[in-house]
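*Asks:* Under numbering that gives the first Met the number 0, the first residue of the sequence shown carries the number 0, and numbering increases by one thereafter.
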Amino acid sequence: MKAAQINEYGKDVIEIIQDAKVPELAPGKVLVKVHTASVNPIDWKMSEGYMSQWKKLSFPQTLGGDFTGTVTDVGEGVTQYEKGDDVYGSGIILAGGSGAFAEYLVTNEKLISKKPEKANNMEAAALPLVAVSAWDAISNKMDLKKGQKILIHGGSGGIGSIAIQIAKYLGAYVATTARKDKTEYLKKLGADEIIDYRNERFEDRLQDYDAVFDTVGGDTYRRSFQVLKIGGIIVSMLEQPDTELMEKYKVTALGQLTKINSEDLKSLAELYDKGLITVNIDRAFPLDKAREALKYQRDSSVKGKVVIEID
Ligand SMILES: NC(=O)c1ccc[n+]([C@@H]2O[C@H](COP(=O)([O-])OP(=O)(O)OC[C@H]3O[C@@H](n4cnc5c(N)ncnc54)[C@H](OP(=O)(O)O)[C@@H]3O)[C@@H](O)[C@H]2O)c1
């Protein structure tokens, strides 16, 4: 089968292999014919060795996590899926998958769910990691309520775009940071207030917020404590809780490590099918151009998601 693999850590080192081995099925796992995959920052971060302290890759390694495809075989003990099911989820190797940038993948049945019926392949492949991340932070960890105020950093990115919609669905007032040229896009997603992060300091404009969702990290994370009210909460996709700032501002700070799971994917598919969330496809690349797709996601100011079409 065709697969996008790396043979070493590095920047832009993906190669397209025509005769990669189809991954082997195992108990509790499913074999899937992949239709479309999507790119997340973790894909190029893994290639560049950022995650190597956590998990050392063995080479050659197929990259990719998020996908949609059709089940072609199931392993011993799999009860929820059968051949012919259209599914979406994660095949990332960090969670025991075989990698999604390939014509076939094997992954654990707990990392997938039935594909949203109203989503096309690009949309379904774009959702898993960003949607589960946003849902877990805003619904589970923050328990955001109607009428509360939330600041979402990186509103035009993959996670931010979905987070705005989830927060609006829950009835919150949403402020977001992004580049000025994304204003119309963010208004369409439902953002109430948009701050051009390159020309304005969000902490000068916002105060007494109930929650901050940080998808940027660094200085943005640290400055965010200033906009929270006492008892507020900040969840970061990149930073460990800063206990000093937590005590100083009397707020809760949590770091998030997203675990893709069938239950959240199922809830998100329902939201999608009810038209309550949508996903913007910024650009699609063929599998042969996987290297360019990762480079584009990393180096461009993307609006939503980048996908890789496989069949
Ligand atoms: N911990 C976990 O389990 C986990 C899971 C998923 C993702 N992540 C991490 O979470 C981060 C976001 O993921 P993603 O998929 O949403 O990435 P993404 O699609 O690349 O979005 C990042 C967004 O941040 C914006 N941005 C950059 N600097 C900013 C600033 N100073 N202020 C406001 N916005 C800024 C970018 O906008 P412009 O490009 O227009 O400047 C971009 O829209 C990544 O670092 C990813 O690795 C962590």
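Glycine included, every Cβ here is placed at the ideal spot set by N, Cα and C.
1. Is Ala-177 near ligand 1, judged by its Cβ being under 7 Å from some heavy atom?
2. How is the alpha helix (DSSP H) around Ala-125 delimited, first residue to last?
3. Between Lys-114, Tyr-172, Tyr-103, Phe-212, which lies nearest to Gly-156 when the distance is taken from Cα to Cα?
4. Within the continuous alpha helix (DSSP H) that includes Ile-161, where are the two ends?
5. Taking all protein chains shown into account, do 16 or more other C-beta atoms lie within 10 angstroms of the C-beta of Pro-115, making it buried, or fewer, making it exposed?
6. Just the Cα atoms here: how many angstroms apart are Phe-100 and Asp-65?
7. How big is the Cα-Cα spacing for Lys-304 and Tyr-248?
8. Is the separation between the beta-carbon of Ala-308 and that of Pro-285 shorter than 8 Å?
9. For a test of your reading of the model: does the CB of Ser-300 fall under 7 Å from any non-hydrogen atom of ligand 1? Yes or no.
10. Does DSSP classify Phe-224 as helix, strand or coil?
11. Report yes if the C-beta of Lys-44 is less than 7 Å from at least one heavy atom of ligand 1; otherwise report no.
12. List in chain order: all unbroken beta strand (DSSP E) runs of 3+ residues lying wholly within the region 71–155.
13. Residue ranges of each beta strand (DSSP E) run of no fewer than 3 residues wholly in the region 188–253, ordered along the chain?
14. On the criterion of 16 or more Cβ atoms from any shown chain inside 10 Å, does Gly-231 qualify as buried, or is it exposed?
15. Under a three-way DSSP split, which group does Leu-286 fall into?
16. Helix, strand or coil for Lys-273? Go by DSSP, reduced to three states.
17. By the 10 Å Cβ neighbour count, where 16 or more other Cβ atoms means buried, how is Arg-290 classified, buried or exposed?
18. Is there contact between the region 134–149 and the region 105–114, where contact requires at least three CB pairs shorter than 8 Å?
19. Tell me which residue opens and which closes the beta strand (DSSP E) that Ile-307 is part of.
20. Count the CB pairs spanning the region 215–226 and the region 186–203 that are closer than 8 Å, and state whether there are at least three.
21. Could you check what DSSP says for Glu-14 in three-state terms: helix, strand or coil?
22. So what does Thr-61 bridge to, in DSSP terms?
23. Helix, strand or coil for Ala-171? Go by DSSP, reduced to three states.
24. Where Lys-1 and Ala-36 are concerned, what is the direct C-alpha to C-alpha distance, given to the nearest angstrom?
25. Give a yes or no on whether the minimum CB-CB distance between Ala-177 and chain C is below 8 Å.
26. Are the CB atoms of Ser-132 and Gln-255 within a distance shorter than 8 Å?
*Replies:* Looking at the coordinates:
1. One-based indexing of the sequence shown puts residue 177 at position 178. Yes; taking the cut-off as 7 Å, the Cβ of Ala-177 has a heavy atom of ligand 1 nearer than that.
2. Your numbering for residue 125 matches position 126 in the sequence shown. 120–125 is the extent of the alpha helix (DSSP H) around Ala-125.
3. Taking the first residue of the sequence shown as 1, we reach residue 156 at position 157. For Gly-156, the nearest C-alpha among the options comes from Phe-212.
4. For the purposes of this step, residue 161 is identified with residue 162 of the sequence shown, where counting begins at 1. Here the alpha helix (DSSP H) through Ile-161 covers 157–168.
5. Along the sequence shown, one-based indexing puts residue 115 at 116. The residue in question, Pro-115, is buried, as its Cβ has 16 or more Cβ neighbours within 10 Å.
6. Counted from its first residue, the sequence shown places residue 100 at position 101. Counted from its first residue, the sequence shown places residue 65 at position 66. Distance between the alpha carbons of Phe-100 and Asp-65: 9 Å.
7. Within the sequence shown, residue 304 is the residue found at index 305, counting from 1. Within the sequence shown, residue 248 is the residue found at index 249, counting from 1. Looking at the two C-alpha atoms, the distance is approximately 34 Å.
8. Here the question's residue 308 lines up with position 309 in the sequence shown. Here the question's residue 285 lines up with position 286 in the sequence shown. The sequence as given places Glu at residue 308; Ala does not occur at that position. It is a contact, given that the beta carbons lie within the stated cut-off.
9. Taking the first residue of the sequence shown as position 1, residue 300 is located at position 301. Yes, since a heavy atom of ligand 1 falls inside the 7 Å radius drawn around the Cβ of Ser-300.
10. Along the sequence shown, read from residue 1 onward, the residue named residue 224 stands at position 225. Helix, per DSSP.
11. Reading the sequence shown from its first residue, position 45 is the one you call residue 44. Flag set: Cβ of Lys-44 near ligand 1.
12. 85–89, 103–107, 111–113, 148–151
13. 192–195, 208–213, 227–235
14. Mapped onto the sequence shown, residue 231 falls at position 232. Per the 10 Å Cβ criterion, buried.
15. Here residue 286 corresponds to residue number 287 of the sequence shown, with the count starting at 1. Helix at Leu-286.
16. As a position in the sequence shown, residue 273 is number 274, starting the count at 1. Here Lys-273 sits in coil by DSSP.
17. Numbered from its first residue, the sequence shown carries residue 290 at position 291. The residue is buried, with at least 16 neighbouring Cβ atoms inside 10 Å.
18. no
19. Translated into positions along the sequence shown, residue 307 becomes position 308. From DSSP, the beta strand (DSSP E) with Ile-307 extends over 304–308.
20. yes
21. As a first step, residue 14 must be located in the sequence shown, where it is residue number 15. Strand, per DSSP.
22. Counting from 1 along the sequence shown, the entry for residue 61 is found at position 62. DSSP output for Thr-61 lists Gln-4 as bridge partner(s).
23. If you number the sequence shown from 1, residue 171 lands on position 172. Correct three-state label for Ala-171: coil.
24. Within the sequence shown, the letter at position 2 stands for residue 1. Within the sequence shown, the letter at position 37 stands for residue 36. Straight-line Cα distance between these residues: approximately 14 Å.
25. Protein chains in the displayed structure number just one, and chain C is not present.
26. Taking the sequence shown and counting its residues from 1, one reaches residue 255 at position 256. Taking the sequence shown and counting its residues from 1, one reaches residue 132 at position 133. A contact, by the Cβ cut-off of 8 Å.
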